[in-house]
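*Asks:*
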Amino acid sequence: MAKAASVEFIGVEKKYGQVTAVRDVSFRVEAGTLVTLLGPSGCGKTTTLRLVAGLELATGGKIMIGDQDVTALGAAERDVSMVFQSYALFPHMSVVENVMYGPLASGASRKEAEAMAREKLALIGLSGFEKRLPSELSGGQQQRVAVARAIVLEPSVLLFDEPLSNLDAKLRRKVRDDIRDLQQRLGLTVLYVTHDQQEALAVSDKVIVMDNAVIAQEGTPADLYERPRTRFLADFIGEANIVEGRFGADAGGVTFAAGSTSFGLGDIPVPEGASAVALRPDRIQLTLDPAGAFTIHRVAYVGHAREYLVTAPWGEMLVIRPLRERAIAAGTRVSLEIDLGAAIAISG
Ligand SMILES: Nc1ncnc2c1ncn2[C@@H]1O[C@H](COP(=O)(O)OP(=O)(O)O)[C@@H](O)[C@H]1O
Ligand SMILES: [Mg+2]
51 MAKAASVEFI GVEKKYGQVT AVRDVSFRVE AGTLVTLLGP SGCGKTTTLR LVAGLELATG
111 GKIMIGDQDV TALGAAERDV SMVFQSYALF PHMSVVENVM YGPLASGASR KEAEAMAREK
171 LALIGLSGFE KRLPSELSGG QQQRVAVARA IVLEPSVLLF DEPLSNLDAK LRRKVRDDIR
231 DLQQRLGLTV LYVTHDQQEA LAVSDKVIVM DNAVIAQEGT PADLYERPRT RFLADFIGEA
291 NIVEGRFGAD AGGVTFAAGS TSFGLGDIPV PEGASAVALR PDRIQLTLDP AGAFTIHRVA
351 YVGHAREYLV TAPWGEMLVI RPLRERAIAA GTRVSLEIDL GAAIAISG
């Protein structure tokens, strides 16, 4: 599949009557990469995918696929296919007939269509299942048939809308890894939608976080986790303690005053308008300290770690420590040390 194409949105808008589902959205998906649209329900992810597919037309802006302006083209005129949440397989057709449907509809002979279908089913690990009906397959296998059907015509862009939502938790990781593997092996351009941040971090070359019809931030998974710009992002990607306060400076670098305490954060970037820090729970150390300003409120053993709810002068915070460290009992006074560079200055 050598014809994978890039996708570019330039100031795209989609209104449904009074509702603006997508507002001034610009991004680029490089050919052969997997980019995820991540965000809470209702933020505009599905609308964005449907705009790429041509199932909706933009009410403003421009959409490019490769070097073609497709803004005004309908779905049939775009070389894009989509895998839906509900696999939408034909229940009365066998697996191979489901996959042959596209090639037949576009004029291939039965023989050609069957060869194309068998090749894609083999690619996705479903050889031997050709004659079964969808009802005779597990959810994960049905999902793979849907993927085979979507790639059988070798589209230049492949879209996934929450493809794992009908699978149980164990299978989700497997199918997710299979999709990523297939995308990399075939060099496909994939735009992938999910509301699950772990899934997004695990599969993506780039993640675009949407909030309320606009792009909140985009970057590699590591960028977003290490450098979220806002409270929404710090909270949405991974866990974070958000502490309100005032930034200052001394000889040691940035200082931060919160409640009745103040601490040094080292040499971290503080953007204009920053009003809080986000502290990742696993980047905070606890030290026994009878004069400390913090108290362990609760300890929970969670299998791979211990989770501490710590009472701080500004409220409660979550701290996660590895099991190899000695447990600290509830009621104990401690002081905190934040790992160097681990505090993230955020705004709004
Ligand atoms: N066909 C439609 N008519 C009117 N409003 C719509 C339509 N499709 C989506 N919306 C609205 O657009 C917003 C974004 O929806 P959607 O793209 O489906 O979000 P997501 O996939 O992120 O959950 C929501 O407020 C939704 O109610
Ligand atoms: Mg959706």
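Residue numbers for the sequence shown follow the numbering used here, beginning at 51 and rising by one.
A virtual CB, placed ideally from N, CA and C, is assigned to each residue, including glycine.
(1) Let me confirm a value: residue 100 is counted as buried when at least 16 other C-beta atoms fall within 10 Å, else exposed. Which label applies?
(2) When you measure from the CB of residue 211 to every non-hydrogen atom of ligand 2, does any distance come out below 7 Å?
(3) Is residue 169 buried or exposed, if buried means 16 or more other CB atoms sit within 10 Å of its CB?
(4) Assuming residue 316 and residue 327 are in contact, meaning their beta carbons sit under 8 Å apart, how far apart are those beta carbons, in whole angstroms?
(5) Who are the Cβ neighbours of residue 440 in its own chain at under 7 Å, not counting the five residues just before and after it?
(6) Give the DSSP bridge partners of residue 299, in chain order.
(7) Excluding the 5 residues flanking residue 163 on each side, which residues of the same chain have their C-beta closer than 6 Å to its C-beta?
(8) Distance, Cα to Cα, residue 54 vs residue 296?
(9) Take residue 52 and list the residues in its own chain whose beta-carbon comes closer than 7 Å to its own, dropping the five residues that flank it on each side.
(10) Pop quiz: residue 380 and residue 347 are said to be a contact at Cβ under 8 Å. What is the actual Cβ separation, rounded to whole angstroms?
(11) I'd like the span of the alpha helix (DSSP H) that includes residue 148, first residue to last.
(12) What is the chain-ordered set of residues for which the beta carbon lies under 5 Å from any non-hydrogen atom of ligand 1?
(13) Given a threshold of 16 other Cβ atoms within 10 Å of its Cβ, counted over all protein chains shown, does residue 393 qualify as buried or as exposed?
(14) Among the residues of its own chain, which have a CB less than 8 Å from the CB of residue 93, if the five just before and after it don't count?
(15) Using three-state DSSP, classify residue 229 as helix, strand or coil.
(16) Tell me whether the stretch 230 to 242 and the stretch 203 to 211 touch, counting them as touching only if at least three CB pairs, one residue from each stretch, are closer than 8 Å.
(17) Compare the C-alpha of residue 113 against each of 75, 131, 144 and name the closest.
(18) Taking the C-alpha atoms as reference points, what is the distance between residue 352 and residue 371?
(19) In whole angstroms, what is the alpha-carbon distance linking residue 395 and residue 105?
(20) Closer than 7 Å by C-beta to residue 244: which residues in its own chain qualify, once you throw out the five before and the five after it? Chain order, please.
(21) Roughly how many angstroms separate the alpha carbons of residue 291 and residue 354, rounded to a whole number?
(22) Would you kindly check if the distance between the Cβ of residue 369 and the Cβ of residue 340 is under 8 Å?
(23) Using a Cβ-Cβ cutoff of less than 7 Å, which residues in the same chain neighbour residue 134 once the five nearest sequence positions on both sides are dropped?
(24) Just checking my contact of residue 103 with residue 143 at CB under 8 Å: how many whole Å lie between their CB atoms?
(25) Can we say the stretch 216 to 223 touches the stretch 167 to 183, given the rule of at least three CB pairs closer than 8 Å?
(26) Taking the alpha-carbon of residue 58 as reference, which of 350, 342, 116, 69 has the nearest alpha-carbon?
(27) Closest to residue 280 by CA distance: which of 323, 300, 382 is it?
(28) Hey, could you find the ends of the alpha helix (DSSP H) residue 331 is sitting in?
(29) If we count the other Cβ atoms within 10 Å of its Cβ and call it buried at 16 or more, is residue 321 buried or exposed?
(30) Return the CA-CA distance between residue 248 and residue 226, expressed in angstroms with no decimal places.
(31) Of the residues 310, 312, 299, 334, which one's Cα is nearest the Cα of residue 318?
(32) Quick check: what's the CA-CA separation for residue 118 versus residue 129?
*Replies:* According to the structure data:
(1) Residue 100 comes out buried.
(2) yes
(3) exposed
(4) Actually they are not in contact, since the Cβ atoms of residue 316 and residue 327 sit about 12 Å apart, beyond 8 Å.
(5) The displayed coordinates of the chain run from 51 to 398. Any statement about residue 440 would go beyond what the structure contains.
(6) For residue 299, which the question treats as bridged, DSSP gives the partners 304.
(7) 150, 153, 154
(8) 49 Å
(9) With a pLDDT of 48 at residue 52, under the threshold of 50, the modelled position of that residue is not reliable, and no figure is offered here.
(10) With a Cβ gap of about 7 Å, residue 380 and residue 347 count as contacting.
(11) Residue 148: member of the alpha helix (DSSP H) spanning 145 to 155, first to last residue.
(12) Any residue whose Cβ sits closer than 5 Å to a heavy atom of ligand 1 makes the list: 66, 69, 71, 91, 92, 93, 94, 95, 96, 97.
(13) buried
(14) 260, 261, 262, 263
(15) helix
(16) yes
(17) 75
(18) 10 Å
(19) 40 Å
(20) 86, 88, 212, 250
(21) Our two residues, residue 291 and residue 354, have alpha carbons roughly 20 Å apart in a direct line.
(22) no
(23) 211
(24) About 23 Å; that fails the 8 Å criterion.
(25) no
(26) The residue with the shortest Cα to Cα distance from residue 58 is 116.
(27) A check of alpha carbon separations from residue 280 across 323, 300, 382 identifies 323 as the nearest.
(28) First-last for residue 331: undefined, no H or E at that position.
(29) exposed
(30) 11 Å
(31) 299
(32) The alpha-carbon atoms of residue 118 and residue 129 are separated by roughly 11 Å.
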